[in-house]
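Undergrad:
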Amino acid sequence: EKGGYEHFTLKEIHEQPAVISETLKGKIKGDSAIIDEITLTEEELKNITKIHMVACGTSYHAALVGKYMIEQELRIPVEVEVASEFRYKNPIIAKTDLVILISQSGETADTLAGLREAKKSGAKAIGIINVMGSTISREADGTVYTNAGLEIGVASTKAFVSQLVALYILTLYLGEKKDILGVERRRYIIENLRKLPNIVDKILEIEDDIKEKASILDGVVSSIFIGRNINTAIAYEGALKLKEISYIHAEGYQSGELKHGPIALINEECPLIAIATKSDTYDKVKSNIEEVRARGGKVLTVATVGDVEIAEISDEVIYIPEIDELFSPVINVIPLQILSYYAAVNRGVDVDKPRNLAKSVTVE
Ligand code: F6R
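Counting from 245, one number per residue, gives the positions in the sequence shown under the UniProt record's numbering.
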């Protein structure tokens with residue numbers, strides 16, 4: 245049941261600290277990631293020189309974050325493709341490539357077809373899957389289970405966060421097996437992963453503050469989310485969440501693309517939601533915000549606690565704790581989920597079951 249929450253979606257948002265711990269549990273031993281379900285030999289793992297990630301919707305956004313993670317940490321090139329495109333493009337897959345399918349349900353028709361396409365090429369394929377025994381997990385050469393528990397809200401929240409955690413674990417695993425990540429770096433990653441449940445808890449404590457700030461979306465017809473680098477996908481995910489559950493039109497953009505078109509949409513009825521937490525490209529995002537403000541646009545910024553300057557160029561700021569940019573997607577998505585939730589509640593939408601959507605898309 246809903247455990248005292250008004251909707252499953254809100255309950256699932258609140259379960260996220262526990263879900264992160266659950267995803268980590270049993271998969272980290274000492275300084276190593278252990279994934280028993282992966283059946284690739286040491287040699288097959290060593291031979292991987294390229295990775296493909298294939299997924300749909302929110303799971304696709306997790307893949308985009310995973311690409312940054314793996315390319316930065318392991319320097320292995322990663323191609324990310326929406327499953328419905330991948331399956332029909334006659335994809336170039338070498339036998340030594342690794343294909344990663346990301347799916348909460350493990351049943352999404354296009355993602356399953358992507359897996360079969362990969363196997364036809366003779367490449368190894370592993371799933372990042374929430375539902376045990378699902379079709380993709382049965383057909384893959386191994387599965388990293390995300391252990392998020394049953395997700396009832398149609399809009400994915402806790403499953404997304406668990407997919408990100410599973411991707412960090414997979415990065416650690418490949419990094420060790422392929423002799424790319426030394427013990428010091430692995431330890432650093434594990435320490436940060438262990439900090440995440442507490443940090444997410446801290447953000448959940450400011451739920452009322454975020455709820456109040458959701459009023460920036462009252463009466464708007466459209467909105468633009470921006471992020472950069474590893475948080476570009478979080479801008480996409482924030483926009484998807486908002487449109488799915490509140491029916492407010494929203495687009496996610498790479499912050500640097502704003503002036504190449506979308507800034508034309510900015511006006512009183514189209515606010516900017518900016519992810520401007522501490523990062524290597526923080527100053528760039530800040531100037532993008534200034535450009536929007538100079539054109540009379542309203543801005544809600546997600547920023548790092550202590551950043552007083554950002555308040556001068558934003559209408560509203562949601563402050564969240566500081567963490568290394570590499571792990572920031574996990575925490576940056578939380579205020580955006582809460583924002584979408586309250587924007588939807590304010591509009592009287594059936595949050596758990598938005599119109600026209602199904603939890604599992606088993607037809608093309
Ligand atoms: C968004 C959402 C969908 C799913 C997509 C993939 O909130 O729920 O976009 O993420 O249909 O589903 P899975 O992960 O089950 O393959």
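Just so you know, even glycine gets a beta-carbon here, dropped at the ideal spot from N, CA and C. Source: prediction; values computed, not measured.
Considering only their Cβ atoms, is the gap separating residue 350 from residue 381 smaller than 9 Å?
TA: Taking 9 Å as the Cβ cut-off, residue 381 and residue 350 qualify as a contacting pair.
Undergrad: What residue from 589, 343, 255, 483 has the CA that sits closest to residue 414's CA?
TA: Among 589, 343, 255, 483, the Cα nearest to that of residue 414 belongs to 343.
Undergrad: Going by the beta-carbon positions, is the gap between residue 306 and residue 408 smaller than 9 Å?
TA: Their beta carbons are under 9 Å apart, which means residue 306 touches residue 408 by this criterion.
Undergrad: Could you say if the segment 514 to 523 and the segment 467 to 475 meet the contact criterion of at least three C-beta pairs nearer than 8 Å?
TA: Short answer: they touch.
Undergrad: What residues in its chain sit with their C-beta under 6 Å from that of residue 352, if we drop five residues either side in the sequence?
TA: Excluding residues within five positions, the ones whose Cβ falls inside 6 Å are 300, 605.
Undergrad: Decide yes or no for the touch test of the segment 330 to 341 against the segment 363 to 377: beta carbon pairs closer than 8 Å, at least 3 of them.
TA: Flag = yes, the segment 330 to 341 and the segment 363 to 377 touch.
Undergrad: Pull up the distance between the alpha-carbon of residue 411 and that of residue 282, whole angstroms please.
TA: Those two C-alpha atoms are separated by around 14 Å.
Undergrad: Beta-carbon separation of residue 554 and residue 458 under 9 Å?
TA: No, Cβ-Cβ distance for residue 554 and residue 458 is not below 9 Å.
Undergrad: Using the beta-carbon count (16 or more within 10 Å), is residue 545 buried or exposed?
TA: Burial call: buried.
Undergrad: Taking three-plus beta-carbon pairs below 8 Å as touching, is the segment 494 to 505 in contact with the segment 526 to 545?
TA: Short answer: they touch.
Undergrad: Between the Cα of residue 560 and those of 479, 547, 255, spot the shortest distance and give me the residue it belongs to.
TA: When each option's Cα is compared against that of residue 560, the closest is 547.
Undergrad: Specify, as a first and last residue, the run of the beta strand (DSSP E) that residue 533 falls within.
TA: From DSSP, residue 533 is part of no beta strand (DSSP E) but of the alpha helix (DSSP H) over 526 to 538.
Undergrad: What residue ranges within the segment 553 to 585 form continuous beta strand (DSSP E) runs of no fewer than 3 residues, ordered along the chain?
TA: Qualifying beta strand (DSSP E) stretches, in chain order: 560 to 564.
Undergrad: Would you check if there are 3 or more beta carbon pairs closer than 8 Å linking the segment 273 to 287 to the segment 378 to 395?
TA: Segments in contact, yes.
Undergrad: At the level of alpha carbons, what is the spacing between residue 692 and residue 294?
TA: Absent from the structure is residue 692, since the part of the chain shown begins at 245 and ends at 608.
Undergrad: Tell me which same chain residues have a C-beta within less than 6 Å of the C-beta of residue 361, skipping the five on either side of it?
TA: Once the five neighbours on either side are set aside, the close Cβ partners of residue 361 are 331.
Undergrad: For residue 542 versus residue 460, is the C-beta distance shorter than 9 Å?
TA: In this structure, residue 460 lies closer than 9 Å to residue 542 by Cβ.
Undergrad: With respect to 8 Å, is the separation between the Cβ of residue 235 and the closest non-hydrogen atom of the ligand F6R below this value?
TA: A query on residue 235 cannot be resolved here, the shown segment of the chain reaching from 245 to 608 and no further.
Undergrad: In terms of residue numbering, what span does the alpha helix (DSSP H) encompassing residue 305 cover?
TA: First-last of the alpha helix (DSSP H) with residue 305: 301 to 318.
Undergrad: Among 323, 443, 421, 398, which one has its Cα closest to the Cα of residue 599?
TA: Measuring from the Cα of residue 599, the nearest candidate turns out to be 398.
Undergrad: For residue 454, which residues does DSSP report across the bridge?
TA: Per DSSP, none; premise fails for residue 454.
Undergrad: According to the Cβ coordinates, are residue 567 and residue 440 closer than 9 Å?
TA: Contact flag set, yes.
Undergrad: Using C-beta distances below 7 Å, list every residue in its chain close to residue 252, excluding the 5 sequence neighbours before and after it, in chain order.
TA: So the qualifying residues of the chain are 246, 396, 397, 596.
Undergrad: Here's a check: name, in chain order, each residue in its chain whose Cβ is nearer than 6 Å to the Cβ of residue 261, leaving out the five neighbours to either side.
TA: Answer for residue 261: 441, 444, 445, listed in chain order.
Undergrad: What's the call for residue 503, buried or exposed, on a 16-neighbour Cβ count within 10 Å?
TA: The residue is exposed, with fewer than 16 neighbouring Cβ atoms inside 10 Å.
Undergrad: Taking DSSP as the reference, what is the three-state secondary structure of residue 495?
TA: Residue state, collapsed to three classes: strand.
Undergrad: Could you tell me whether the Cβ atoms of residue 277 and residue 420 are closer together than 9 Å?
TA: In this structure, residue 420 lies closer than 9 Å to residue 277 by Cβ.
Undergrad: Starting from residue 427, trace the alpha helix (DSSP H) in both directions and tell me its first and last residue.
TA: Per DSSP, residue 427 belongs to the alpha helix (DSSP H) from 427 to 449.
Undergrad: Buried or exposed, going by whether 16 or more other CB atoms sit within 10 Å of the CB of residue 392?
TA: With 16 or more other Cβ atoms within 10 Å, it is buried.
Undergrad: Can you check whether the CB of residue 486 is closer than 9 Å to the CB of residue 580?
TA: Yes, the pair counts as a contact, with Cβ atoms nearer than the cut-off.
Undergrad: Which residues bound the alpha helix (DSSP H) around residue 408?
TA: Note, residue 408: alpha helix (DSSP H), 402 to 421.
Undergrad: For my contact list, residue 519 and residue 585 are in at a C-beta cut-off of 8 Å; report their separation, rounded to the angstrom.
TA: The pair is not a contact, with the Cβ atoms about 18 Å apart (cut-off 8 Å).
Undergrad: Let me know if residue 376 comes out buried or exposed under the rule of 16 or more other beta-carbons within 10 Å of its beta-carbon.
TA: With fewer than 16 Cβ atoms within 10 Å of its Cβ, residue 376 is classed as exposed.
Undergrad: What's the gap between the Cα of residue 333 and the Cα of residue 549?
TA: The straight-line gap from Cα to Cα measures roughly 45 Å.
Undergrad: My output table needs one value for residue 347: the three-state DSSP class, helix, strand or coil.
TA: Residue state, collapsed to three classes: strand.
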